[in-house]
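S.K.: Residue numbers (UniProt numbering), protein chains in the order written: chain D, 1 to 710; chain Z, 1 to 710. For each residue, glycine too, the CB sits at the ideal point set by N, CA and C. Structure provided below as structure tokens; questions to follow.
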């Protein structure tokens, strides 16, 4: 690049601007999806306001909606534009993800790039639209130019004008967390339901009575399914949606930093992609790869160290209160002045040598790849809610956790230990220790880390979703990649398809996971919604597989229960796609149901193909997936609190081939609350011509493994 | 430490509290300085308000003044106290600094520790007072206790009730910079002068019409000299003083963080020491070691790598506009996407191989230890005022700076190159690169770094003087020490004697240095004030030695001039104590005055003894110092814009010994503005009985070297 040349080409803009003024600022530019079912129209409305609209099969998805940004201290990029040029392009490629729901992914779109100039300020902005068969992606591009070097976003003003008062699956807008139950309501009901939708959480900052999060799933009264999210969130702040509930217009609302700024950009710069996935079939939303496709291909040259992981862990026992992360019962500790050898242990520490070895033995016996161990390092006595800077050092084990011996033992059995880095939101402290922590992992043979950002971000004023933190998460991914470490980020920002660029991002939490089943429970329809919302951005470390759904049986003080039948817990390994799957329950509970546990042992974590057999957000989802490099398939079905009868056909199977189907299903009397452990396992031979009818109990579901007979 | 034992002893407090209620909350505790000239009185005023007062030779220095802190979200530590205990102790030690103004330092005080309890909250706070012969130090101590673990300071409410409307040498209160001209006025005039006192600067955040900075120098109408500052600023925010100009009461005002908090503490914790140095002789203020004594001894086991440094540098030529830090004239660059080899150089880059070698040759020829080189690394095209995160990487030299060859060349001549790390205030970026940057220094043989924090702190919302940044500066010192690197911190917080604990902190800027002589000039009395204010906390990298005081002679566009005679520039090497002394002018200017330059070559940078021969803040200062490990002495004298005749006697010399005095003095016609370069050099033989009378021109001064004849 020769930046000195830029001003020369920029000078040409003067000429272009003149030309544009001549050939019309009101001309509408149109493009269609490759299959012609989506039509995008872009125009400059009165006053030079960039506007776009989108139809699907002739039905309005996004009505004419304004685009632009309000800037800090300088004129905004909202009005006064003239059109300098419009470029069109078609693109069609098929790429192979390092891991995923299918062996290859087609990236096929028609593109329109509209360059706009603002004569009054001599500034240029480009709107780039990509129309796929499954939806629209567009972003703002700010070319390098003399009059726009550095600028601060006061607010992005991207509108999504909806065609009606759609049914919405929404979470309260929040700068710090997505760990809420999804509310299902009409958009017009959001305001009235907001207060009750905001439930307690370790860190939350709500901002508006009609602000909601993305991915936002919508369904129109005439049956259109619409999903709004973003892709490739890099060097920008996370987008929420502010609802104008009179006009049913959603508008972008970015996460502010400590002084209220919403992002500092330096040209050349792009916003993340704003995405609208649309179909008249719910299952198409689940199958969309639009968000992944809008991310850049990875630059990693070697990806051989990135592998899907099925794991168990010293985790659920702490979540449920059976054991503790901490080794002692001290409070108010200073990390460097505690001599743990001289302090009385509390006797409830989960991550002790003997117990971890039990997990390693269990993992090895049943073919798991790894054991997550939380609470292995010093500091857990006093880690939360204090806004403490130096809260963990990430390298000092408790006295009863022999890091060298346990890793040796695990590796001798073909198992890895998964590292855990809880930061307590103290990000400067984490970055200060990051290199040392990753070197420590390399030294002992860890190849994956679960990171955590529980509580407020320290220093205060920052938010989990502001630009400064977005940069942090991506910095951790890059540093981890340098050390060939895979990352599973909890309490980080919700994913936006970044795993295409950083395939070592093998998991995220960023939603209400299984842990909440120990904190009061989640709605029985929770897992019939998440694939339409949270999972649109990328895989979730949901940690399914809880067989003993009544926590009080092993921790009498905890009356919470899992809002799911045991059979449905198996289904989640198929319906909640992730290359990282945990069998989250305690080994003793699996030992009580080894027949059902067989499904978790068998199920794949990486796939050649994926089908959606049935789907309706909030009601039910049934997936079939083909194991990577194998002929076997797995089916999972989850339903809401009402239960239902699922009817599927197996026409996706290879014609003429016979398969042994092992069906793990709710017993007729099963019920997520009253009788969760009632399951039945049956085997039958099936072919591509088979049709199956299967009961799903209230809060239930089923899982099927299909193994080719020959 | 066994923290589990703490609650046990804390329980005893209940008993103690009861006892206290019996033996009186209004009892005044008193202690005196070892020489009995200072008397401190501490009492609980009406309502259980901790109060102290201080007298000097029976004259009030601090009238009864309140102590305490306002906390966030919990009851304050201001009132409702009862006295639990009062402990007394005397201390007398003599310690040896790694470098300093004298070979040894006596730390001699009487101490009173008053433990207070607040029965309503069951909390305990301790006030620790140390009364030295030269003043008072006191701090708040917060012992570890069940009811006070973590707490956030809303404001510290330490009062300094003065006995009158003193003359004050003050700077506008500011959360980010001390680079102001000192204003000399009565306290009652501060409010009226504040607006004109605030002059433009790269980053400033003023906060009040009567807020001033420390060290604050005061003089009472009856001739008491009083200096208020703080010592050992660690894990706390920097203190300013808010003036109640009706009652002449100063009150602490801490620097807020991004959300307005003024410090998060975890018990056990201490505030920094609040210091009041007092004497009826101005020179005693200059000689006080109270601030150093209140800091903790160093924990460094090996200090052999820490050595005073006399240096030249590629610096003044950029400051004056003769050359540039940047290698090209690009703007708006992204560090990783510029290929400097393909960009046209601007031809004005100072830090080029040939030129740096000239400096190395000059340094070697004249016996300097080191050459500072600024502008050696990529990024300077676009470094300032953009709030850019990734602004420098601290390891990539410009194409015309051969880091390996230049260090080899320098070392072959017995000279070191001093590293420069300008951060542009982007502290996360600096911390991310810190290890790599220090490893880079170790690799090439650098042993000292000048750090810089020009502009607003990034992320925005933080201030140069808030707790988060204080922690940063100390983190850099610790990391540097791990790499055996000395630090000279510019634009960092003003020092508070921390060099006792971190002797690798060999310099700080934190005031208006010589650079301002190229930005419009400083007042002619500036250097008659700084030793009474800024230097009370520690040495300043003032960068004296400008011989060519008219900048327009070598950069016609710059009409600024140095407000000092040439002779006074020599005096500054003695009056502005620092173990790090720069000969800041260009080599060609020294070559024009090699006779005067001889003083800079000869003068020591480390001392066995220091005397103040004459001093009056704002008017004149004359120091004599004995070179470390040698018999030679050096005298420096600086005066204000009026000029004066200095009369000193040399009774400090060894009796009976003869010394050759080389006197570098203003010529009779010299004047800082009209005739700055008029100097005379004469030699004479002197003894301890000699009395000298020496003219100081307006804005002038003199320097004397005294070498024993036998």
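Please classify residue 742 of chain Z: is it buried, with 16 or more other beta-carbons within 10 angstroms of its beta-carbon, or exposed?
M.R.: Any property of residue 742 of chain Z remains undetermined from this structure, which presents chain Z solely from 1 to 710.
S.K.: Would you tell me roughly how many angstroms separate the C-alpha atoms of residue 692 of chain D and residue 596 of chain D, rounded to the nearest one?
M.R.: Distance between the alpha carbons of residue 692 of chain D and residue 596 of chain D: 20 Å.
S.K.: Which one or two residues does DSSP pair with residue 547 of chain Z in a beta bridge?
M.R.: In DSSP, residue 547 of chain Z forms no bridge with anything.
S.K.: Under the DSSP definition of a beta bridge, which residues are partnered with residue 242 of chain Z?
M.R.: Z:211 and Z:251
S.K.: When you check each C-beta in the stretch 599 to 617 of chain D against every C-beta of chain Z, which residues fall closer than 7 Å?
M.R.: none
S.K.: Determine whether the Cβ of residue 481 of chain D lies closer than 7 Å to any Cβ atom of chain Z.
M.R.: For residue 481 of chain D, the closest Cβ of chain Z is not nearer than 7 Å.
S.K.: Taking CB distances under 7 Å as the criterion, tell me whether residue 487 of chain Z reaches chain C.
M.R.: Checking the listed chains, one finds no chain C in this structure; the protein chains it contains are D and Z.
S.K.: Mind checking whether residue 251 of chain D and residue 159 of chain D have CB atoms under 7 Å apart?
M.R.: yes
S.K.: What residues in its chain sit with their C-beta under 8 Å from that of residue 683 of chain D, if we drop five residues either side in the sequence?
M.R.: 660, 661, 662 and 663
S.K.: Taking beta-carbon pairs under 8 Å, can you tell me which members of the stretch 254 to 270 of chain Z lie near chain D?
M.R.: Contact residues of the stretch 254 to 270 of chain Z toward chain D are 257, 258, 259, 261, 264, 266 and 267 (C-beta to C-beta distance below 8 Å).
S.K.: With 16 as the cutoff for other CB atoms within 10 Å, does residue 24 of chain Z come out buried or exposed?
M.R.: With a pLDDT of 44 at residue 24 of chain Z, under the threshold of 50, the predicted position of this residue should be treated as unreliable, and no value is reported.
S.K.: Could you check whether residue 213 of chain D and residue 173 of chain D sit closer than 7 Å to each other, using their CB atoms as the reference points?
M.R.: yes
S.K.: With 7 Å set as the bound, which would you pick, yes or no: does the beta-carbon of residue 15 of chain D sit closer than that to a beta-carbon of chain Z?
M.R.: Residue confidence is low: residue 15 of chain D scores 41 on pLDDT, short of 50, so the model does not pin down where it sits. Its coordinate-derived value is still stated next. Chain Z, which has no Cβ nearer than 7 Å to the Cβ of residue 15 of chain D, makes this no.
S.K.: Quick one: give me the first and last residue of the beta strand (DSSP E) that residue 189 of chain Z is part of.
M.R.: Segment: none, residue 189 of chain Z is in no beta strand (DSSP E) and carries neither H nor E.
S.K.: Name the one or two DSSP bridge partners that residue 91 of chain D has.
M.R.: D:109
S.K.: What does a CB cutoff of less than 6 Å around residue 583 of chain Z pick up in its chain, not counting 5 residues either side in sequence?
M.R.: So the qualifying residues of the chain are 312, 545 and 600.
S.K.: Would you kindly work out how many angstroms separate the C-alpha atoms of residue 85 of chain Z and residue 430 of chain Z, rounded to a whole number?
M.R.: 46 Å
S.K.: Leaving out the 5 sequence neighbours to the left and right, which residues in its chain are closer than 6 Å to residue 581 of chain D when beta-carbon positions are compared?
M.R.: Only residues of its own chain outside the window of five on either side were considered, and among them 310, 573 and 605 have a CB closer than 6 Å to the CB of residue 581 of chain D, listed in chain order.
S.K.: Which term fits residue 259 of chain Z, buried or exposed, when burial requires 16 or more other beta carbons within 10 angstroms of its beta carbon?
M.R.: By the neighbour-count rule (16 or more Cβ atoms within 10 Å), residue 259 of chain Z is not buried but exposed.
S.K.: Which same chain residues end up closer than 6 Å to residue 189 of chain D when comparing Cβ atoms and leaving out the 5 residues on each side of it in sequence?
M.R.: In the same chain as residue 189 of chain D, and ignoring 5 residues on each side of it, no C-beta atom comes closer than 6 Å to its own.
S.K.: Taking 6 Å as the limit between beta carbons, can you name the residues of its chain near residue 240 of chain D, skipping five residues before and five after?
M.R.: Result list for residue 240 of chain D: 173, 211, 213 and 253, in chain order.
S.K.: Pull out every residue of the stretch 326 to 337 of chain Z whose Cβ sits closer than 9 Å to any Cβ of chain D, in chain order.
M.R.: 328, 329, 330, 331, 332, 333, 334 and 337
S.K.: Do you know whose CA, among D:375, D:87, D:698 and D:308, lies nearest residue 564 of chain D's CA?
M.R.: Among D:375, D:87, D:698 and D:308, the Cα nearest to that of residue 564 of chain D is on D:698.
S.K.: Quickly, what does DSSP pair residue 540 of chain Z with across the bridge? List them, please.
M.R.: Z:508
S.K.: Determine contact between the stretch 268 to 282 of chain D and the stretch 221 to 241 of chain D, defined as no fewer than three beta-carbon pairs at a distance below 8 Å.
M.R.: yes
S.K.: Answer yes or no: does any C-beta atom of chain Z fall closer than 7 Å to that of residue 752 of chain D?
M.R.: Because chain D here runs from 1 to 710, residue 752 of chain D falls outside it and cannot be looked at.
S.K.: Just the C-alpha distance for residue 307 of chain Z and residue 594 of chain Z, rounded to the nearest angstrom, thanks.
M.R.: 26 Å
S.K.: Between the alpha carbons of residue 198 of chain Z and residue 176 of chain Z, how many angstroms are there, rounded?
M.R.: 13 Å
S.K.: Looking at the C-beta of residue 386 of chain D, does it have a partner C-beta in chain Z at a distance below 7 Å?
M.R.: yes
S.K.: Taking DSSP as the reference, what is the three-state secondary structure of residue 664 of chain D?
M.R.: strand
S.K.: Residues in the same chain with beta-carbon distance under 7 Å from residue 303 of chain Z, minus the five sequence neighbours each way, listed in chain order, please.
M.R.: 98 and 503
S.K.: Would you give the residue range spanned by the alpha helix (DSSP H) that residue 284 of chain Z belongs to?
M.R.: Taken as a continuous stretch (DSSP letters only), the alpha helix (DSSP H) holding residue 284 of chain Z covers 282 to 287.
S.K.: Determine the closest residue to residue 266 of chain Z out of Z:459, Z:616, Z:31 and Z:71, with distance taken between C-alpha atoms.
M.R.: Ranking Z:459, Z:616, Z:31 and Z:71 by Cα distance to residue 266 of chain Z puts Z:71 first.
S.K.: Whole angstroms is fine: what's the gap from residue 626 of chain Z's alpha carbon to residue 218 of chain Z's?
M.R.: 29 Å
S.K.: In chain order, what residues of the same chain have a beta carbon less than 6 Å from the beta carbon of residue 153 of chain Z, not counting five sequence neighbours either side?
M.R.: 69, 262 and 263
S.K.: Distance, Cα to Cα, residue 94 of chain D vs residue 314 of chain Z?
M.R.: 56 Å
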